[in-house]
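As structure tokens, the structure follows; a few thoughts come after it.
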Amino acid sequence: MHEQGQRADALRNSDKIVRAAIAVLRESGPALSLDEIARRAGIGIATVYRRFGDRDGVIRAAFQTYFAEEIEPLALAARDADDAGSALTEALAATVDTLADHHGLLRAARESGAFTVDIAERFMGPLSTVLARAQREGRVRADLVVRDLAAIVVMALATVHPGDPGHADPRRYLALLLSGVRPSSGELPSSGVRPSPGEPPAPACPSVRLRKPL
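Quick look at the structure:
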């Protein structure tokens with residue numbers, strides 16, 4: 021029981037550190053202070069180093085926790101939608117908006133190497149069923165995989181910057197990237213039914229484009 025209690029305490033401390041890191045990054049940006057995190061978490065700085073090794077280790081844990089709690093549910097919710105093409109677009113748009121809102125965490129994750137296509141793919145995995153439905157309906161390219169969707173999110177978020185509080189840039193580039201995932205005019209969906217003609221080019225206002233299905 022004593023050993024189990026120690027493990028439970030260690031897990032609680034890790035969670036406190038991660039929660040404190042997310043809060044500090046939201047409030048203060050990527051200039052993360054481990055001393056401030058320890059103070060917020062109510063634990064000693066030695067415990068922070070023991071649990072995560074260094075600053076980058078804390079950032080990686082915070083980013084993965086944020087992804088698991090804020091991004092993965094968006095992918096899970098998309099599986100229940102009736103319109104697979106729209107659900108896919110909306111999930112990607114919500115992912116970009118959610119991460120862009122937490123600019124401090126996003127920037128710190130980039131600087132520490134925590135934000136990668138591999139990480140995005142891991143938590144966007146539930147979109148695979150939505151993607152397969154959209155492909156059967158001829159709404160997206162037949163060769164598209166979840167990793168492509170993860171790469172699209174990473175590329176769109178590369179345009180996030182503090183001077184764009186409304187996220188116009190990442191929304192615009194997401195719309196441009198999504199325009200490339202529609203099937204070509206001669207491509208048949210997996211059902212063998214020829215898709216409907218492609219949509220016209222995206223309008224200048226990205227918010228209008230993102231409300232349309234793929």
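In terms of the numbering used here, the sequence shown opens at residue 21 and continues consecutively. The beta carbon of each residue, even a glycine, is placed where N, CA and C say it ideally should be.
- Separation of G49 and A104 (C-alpha to C-alpha, rounded to the nearest whole angstrom) is 36 Å.
- Taking a C-beta distance under 9 Å as the contact criterion, A81 and S34 qualify as a contact pair.
- Residue environment analysis places P190 among the buried positions, since at least 16 neighbouring C-beta atoms fall within 10 angstroms of its C-beta.
- Across the set A129, D117, V166 and V173, the C-alpha of D117 shows the shortest separation from the C-alpha of P185.
- The C-beta distance from L151 to V137 rounds to 16 Å, too long to meet the 8 Å contact threshold.
- The three-state secondary structure of V68, taken from DSSP, is helix.
- In the three-state DSSP reduction, T136 falls in the coil class, being neither helix nor strand.
- If you look at L197, you'll find it in the alpha helix (DSSP H) that goes A188 to L198.
- If the five residues before and after L96 are omitted, its C-beta is found closer than 7 Å to the C-beta atoms of P146, all from its own chain and listed in chain order.
- Here DSSP, grouped into helix, strand and coil, assigns R202 to coil.
- In this structure, DSSP gives S53 a state outside helix and strand, which the three-state scheme calls coil.
- Between the alpha carbons of G124 and E47 lies a gap of roughly 8 Å.
- Residues I37, L54, I57, A58, A61 and V78 of the same chain have their beta carbon placed closer than 8 Å to that of V68, with the five preceding and five following residues left out of the count.
- For A129, the closest of R32, Y86 and S199 by C-alpha to C-alpha distance is Y86.
- Taking all protein chains shown into account, G64 has fewer than 16 neighbouring C-beta atoms within 10 Å of its C-beta and is therefore exposed.
- Secondary structure of E141 (DSSP, three-state): helix.
- Here A81 carries a helix assignment [DSSP, helix/strand/coil].
- Between L177 and L126, the CB-CB gap stays under 9 Å.
- Across the structure, A171 and P182 are spaced so that their CA atoms are roughly 22 Å apart.
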